[in-house]
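Heads up, the thing below is written out as structure tokens.
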Amino acid sequence: VRTVALLTDFGARDPYVAAMKGVIASRSDARIVDLSHEIAPFDVWQAAFFLRDIIDYWRDAVIVAVIDPGVGTARRIICVDRGDVVLLAPDNGVLTFAGGEAFHITDESLFLPNGSTTFHGRDRFAPLGAAIASGRSASSLGPRIDDRVLLRYDAPLYEERQVRGTIVAVDRFGNLITDIEIARVAFVPFAVCAGAHTVTRVAPNYAEAGEGAFVVAGSTGCIELSVANGSAATLLQLRRGDGVEVVPQS
Amino acid sequence: VRTVALLTDFGARDPYVAAMKGVIASRSDARIVDLSHEIAPFDVWQAAFFLRDIIDYWRDAVIVAVIDPGVGTARRIICVDRGDVVLLAPDNGVLTFAGGEAFHITDESLFLPNGSTTFHGRDRFAPLGAAIASGRSASSLGPRIDDRVLLRYDAPLYEERQVRGTIVAVDRFGNLITDIEIARVAFVPFAVCAGAHTVTRVAPNYAEAGEGAFVVAGSTGCIELSVANGSAATLLQLRRGDGVEVVPQS
Amino acid sequence: VRTVALLTDFGARDPYVAAMKGVIASRSDARIVDLSHEIAPFDVWQAAFFLRDIIDYWRDAVIVAVIDPGVGTARRIICVDRGDVVLLAPDNGVLTFAGGEAFHITDESLFLPNGSTTFHGRDRFAPLGAAIASGRSASSLGPRIDDRVLLRYDAPLYEERQVRGTIVAVDRFGNLITDIEIARVAFVPFAVCAGAHTVTRVAPNYAEAGEGAFVVAGSTGCIELSVANGSAATLLQLRRGDGVEVVPQS
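Here it is as structure tokens:
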């Protein structure tokens, strides 16, 4: 039995996650694990980058990602099969970075009978997740597709003396997480320009960073702007989506 | 072994839930699942409606619901046996909508020795939950009762050309959730009057709702007032407990 | 297989906990349980007292506690073996009250290859926790040490007619939790002096407390200052670290 891991924007106080877990637990002996339920409401972008950061660390699991502003419309439910991990989600860009083979789930036989139009997490995703955890194959649930919805997102541009990227996430510590892989920056020393700021200090960790903003290789190997014991987002007045430029230090 | 599912108002930052889980995990191999720990402190009403929404989706589980403003007083600990699901809670109305047969737990042999007067979640509910998950029957723990404490709550009144109900919950999206089952409204088109507002637009889901407040059949089949990408509670200045009237559209 | 229980300051919205869980779930069939991820960022003190409160309620578990302001520096990773429970943490005082035998983990063979300098929770603690859950012994991972880092903390001073202690935690209800064991106060009736206030009322539980602040024996047997349906921290304007004195009532 695969582990079932849940990612939603349902929050912790309402009964939505609890209903999903009931459906899954009633249909499967799978280990049930919370990834997060604190994705901002309808924030498909946040969920997509969340999954990008964790996907390589999971094996033998079904990841059920319900961030679903289009619930009840004709948007598709899709399933991505990576072999060791299967992901289920609405087809709205959440699985942009999930790789794998995508299937459009057209078999409705696993859906709960008399389901709602506003809560497919419980009525569709949960029973599908339980079935896949118990051995049902993604490919048996519908046709393969090659047109899954993708986020509008420009990958970073690596040039000889300049890299252009984007702040793709801001974590709860206020760290500004870019999509620029530090190993692909071809020049040192470099400076990171973002908004009105140029950050030139690089530190190996938070404890040795000293005062003010500094550059650190984050946990995914990408450049982050941080402030030890503080919020880089607040100090630098930057936010997700803002552009970042890496240039040689002059 | 049944799954043990936990509902409390203990929040996520304090050690209370962690202590309960330790007691359960030490006494049972049960799968342990969080329902929510973000019930507002002492909010028996919120917990009762939370359970009402999820109970039918669970099987083979013990639901331990510790919202317990009367902890340490003579209030009873009760257990409701629904066959496939057993619920444990203080006898204060939390199990108003749980159905089943109720038992007053008088057998204290499972309680932790030298327990506290302020934390029965750990000292009484957790070991009871573990024991029931491992096969102990509700009826073996004390006498059957038929006077469990019930919430003061008036069920909706369905008439030929009018329905009166109540906003029973407000979720984190600001959706106003009533207790009026849309299938039992005998007339169309209808309008929903609440406070100073009359809402006449009905939408099948959030994506097709357009601007402003609209009526939608929520995930439990009851009428909800919603605002796409916004909070109906804020826009309409309504809150839990407010009355709602459904009338024919003139 | 031991249960793996997680305590961090990573919060619920970022992918950090989800990545740790992936590493653990991929390497072990262990039951995975959340203790809390809402320790305040870098708050080693809060985590140490959290663990002190729960540790005696756990059996057959690995507790992985990642509150790690020094991540990436030379701070040690340590493991405390209590026989029935093993704890893993950075050596920064988090395990001050954990008892047991401490080991400095010098065996790096279980660390993820090419790990980061900023996220040892995923790259080091998670695979170590999975291995210990699956039977690896603490003592096989490095040398025993007797100089684990301890919090700077003065234990309460119990005298014949006076006890001096400290507010060691404030919970989400605003209860002020001291380190003074009520059973070791040698005189009654007593009063609790804290800041500008003297609290003389003692109540057995919240329901019988009446108005204003009162003294209650908390769930760990220590004196707490509480306000029924309110926050003692707000009413008394006290906070963690403040001193408390217990004296005979005159």
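Residue numbers (the numbering used here), protein chains in the order written: chain A, 1 to 250; chain B, 251 to 500; chain C, 501 to 750.
Where a beta carbon is used, it is the ideal one built from N, C-alpha and C, also for glycine.
Which residues in the same chain as residue i place their Cβ atom closer than 7 angstroms to its Cβ, once the five residues preceding and following it in sequence are excluded?
i         : result
B:Gly-322 : Thr-367, Thr-368
B:Tyr-456 : Ser-476, Ala-478
A:Ser-259 : Here chain A covers residues 1 to 250 and nothing more, so residue 259 of chain A does not appear.
A:Phe-111 : Asp-123, Arg-124, Pro-127
B:Gly-261 : His-287, Glu-288
B:Val-465 : Val-442, Val-449, Arg-451, Val-452, Ile-473, Leu-475
DSSP state of residue i, grouped into three classes?
i         : result
B:Ile-304 : helix
A:Ile-63  : strand
C:Leu-595 : coil
C:Phe-690 : strand
C:Val-685 : coil
B:Ile-274 : helix
B:Ser-500 : coil
B:Ser-508 : The requested residue 508 of chain B is not part of the displayed model; chain B covers only 251 to 500.
B:Ile-417 : strand
A:His-120 : helix
B:Leu-256 : strand
A:Ile-32  : strand
C:Ala-512 : coil
If I measure Cβ to Cβ from residue i and keep anything under 8 angstroms in the same chain, skipping five residues before and after, which residues do I get?
i         : result
B:Ala-290 : Asp-259, Gln-296
B:Asp-421 : Ile-427
A:Ile-77  : Leu-88, Ala-89, Pro-90, Asp-91, His-104, Ile-105, His-120, Arg-124, Phe-125, Leu-128
C:Leu-657 : Val-663, Arg-664, Gly-665
B:Ala-463 : His-447, Val-449, Arg-451, Leu-475, Ser-476, Val-477, Ala-482, Leu-485, Leu-486
B:Asp-357 : Ser-390, Leu-391, Gly-392
Whose C-alpha, out of the options, is nearest the C-alpha of residue i?
i         : options                                    : result
A:His-104 : A:Val-44, A:Pro-143, A:Ala-61, A:Leu-51    : A:Pro-143
A:Ile-180 : A:Arg-172, A:Phe-173, A:Ala-194            : A:Ala-194
A:Pro-15  : B:Gly-320, B:Ile-427, B:Glu-461, B:Arg-411 : B:Ile-427
B:Asn-239 : B:Ala-352, B:Phe-440, B:Asp-334, B:Val-335 : A question about residue 239 of chain B goes unanswered here, because the residues of chain B that appear run from 251 up to 500.
C:Asp-556 : C:Val-566, C:Ile-532, C:Gly-583            : C:Gly-583
A:Ser-28  : A:Val-185, A:Ala-131, A:Thr-96             : A:Ala-131
B:Glu-410 : B:Val-314, B:Ala-280, B:Val-418, B:Val-497 : B:Val-497
A:Val-1   : C:Gly-741, C:Val-504, C:Ser-526, C:Ala-548 : C:Ser-526
A:Arg-152 : A:Asp-107, A:Phe-49, A:Val-23, A:Val-17    : A:Phe-49
B:Ala-405 : B:Val-336, B:Val-399, B:Leu-488, B:Val-418 : B:Val-418
A:Arg-136 : A:Ser-109, A:Val-215, A:Phe-190, A:Leu-150 : A:Ser-109
C:Gly-743 : C:Glu-724, C:Ser-731, C:Leu-551            : C:Glu-724
B:Arg-489 : B:Val-267, B:Gly-424, B:Ala-315            : B:Gly-424
C:Met-520 : A:Ala-19, A:Trp-58, A:Gly-99               : A:Trp-58
C:Asp-646 : C:Ala-713, C:Gly-721, C:Thr-596            : C:Thr-596
Taking Cβ positions only, does residue i come closer than 8 angstroms to chain A?
i         : result
B:Tyr-347 : Here residue 347 of chain B turns out to be Phe, not Tyr, going by the sequence shown. For B:Phe-347, the answer is no, since every Cβ of chain A falls outside 8 angstroms of its Cβ.
B:Val-477 : no
C:Gly-522 : yes
B:Pro-454 : yes
B:Val-466 : yes
Does any CB atom of chain C fall closer than 8 angstroms to the CB of residue i?
i         : result
A:Arg-185 : Before going on, a small fix: residue 185 of chain A reads as Val here, not Arg. Chain C, which has no Cβ nearer than 8 angstroms to the Cβ of A:Val-185, makes this no.
A:Pro-127 : no
A:Ser-219 : yes
B:Ala-268 : yes
A:Ile-54  : yes
Within the same chain, show all residues whose beta-carbon is closer than 6 angstroms to that of residue i, passing over the 5 residues directly before and after it, in chain order.
i         : result
A:His-197 : Leu-236
A:Asp-34  : Leu-6
C:Glu-745 : Arg-664, Cys-693
C:Ala-709 : Ala-703, Ala-728
A:Val-188 : none
Would residue i pass as an interface residue toward chain B - the criterion being a Cβ-Cβ separation below 8 angstroms?
i         : result
C:Glu-708 : yes
A:Ala-25  : yes
C:Leu-503 : Contrary to the premise, residue 503 of chain C reads as Thr rather than Leu in this sequence. Closer than 8 angstroms to some Cβ of chain B, the Cβ of C:Thr-503 qualifies, so yes.
Quick check on residue i - is its C-beta less than 8 angstroms from some C-beta in chain D?
i         : result
B:Gln-499 : The chain inventory of the structure shown lacks chain D, comprising the protein chains A, B and C.
Check: In the segment 505-516 of chain C, which residues sit with their C-beta less than 7 angstroms from some C-beta in chain A, listed in chain order?
Finding: From the segment 505-516 of chain C, only Gly-511, Ala-512, Arg-513, Asp-514, Pro-515 have a Cβ closer than 7 angstroms to chain A.
Next item on the list: Compile a chain-ordered list of the residues in the segment 309-323 of chain B whose CB is closer than 7 angstroms to at least one CB of chain C.
Entry: Pro-319, Gly-320, Val-321, Gly-322, Thr-323
Next item on the list: Using a Cβ-Cβ cut-off of less than 8 angstroms, give me the residues of the segment 387-416 of chain B that come near chain A, in sequence order.
Entry: Here the close residues number zero.
Checklist line | Members of the segment 72-92 of chain A near chain B, C-beta cut-off 7 angstroms | finding: Of all residues in the segment 72-92 of chain A, the ones placed with a Cβ closer than 7 angstroms to any Cβ belonging to chain B are Gly-72, Thr-73, in chain order.
Next item on the list: With 9 angstroms as the C-beta to C-beta threshold (strictly closer), list the residues of the segment 27-50 of chain A near chain C in chain order.
Entry: Arg-31, Val-33, Asp-34, Leu-35, Ser-36, His-37, Glu-38, Ile-39, Ala-40, Gln-46, Phe-49, Phe-50
Notebook entry, point to check: Which residues, in chain order, does the segment 106-123 of chain A contribute to contact with chain B at a C-beta distance below 7 angstroms?
Noted result: Ser-116, Thr-117, Thr-118, Phe-119, Arg-122
Next item on the list: Note down, in chain order, all residues in the segment 670-697 of chain C with a beta-carbon under 7 angstroms from any beta-carbon belonging to chain A.
Entry: Close to chain A, meaning a Cβ-Cβ distance shorter than 7 angstroms, is no residue of the segment 670-697 of chain C at all.
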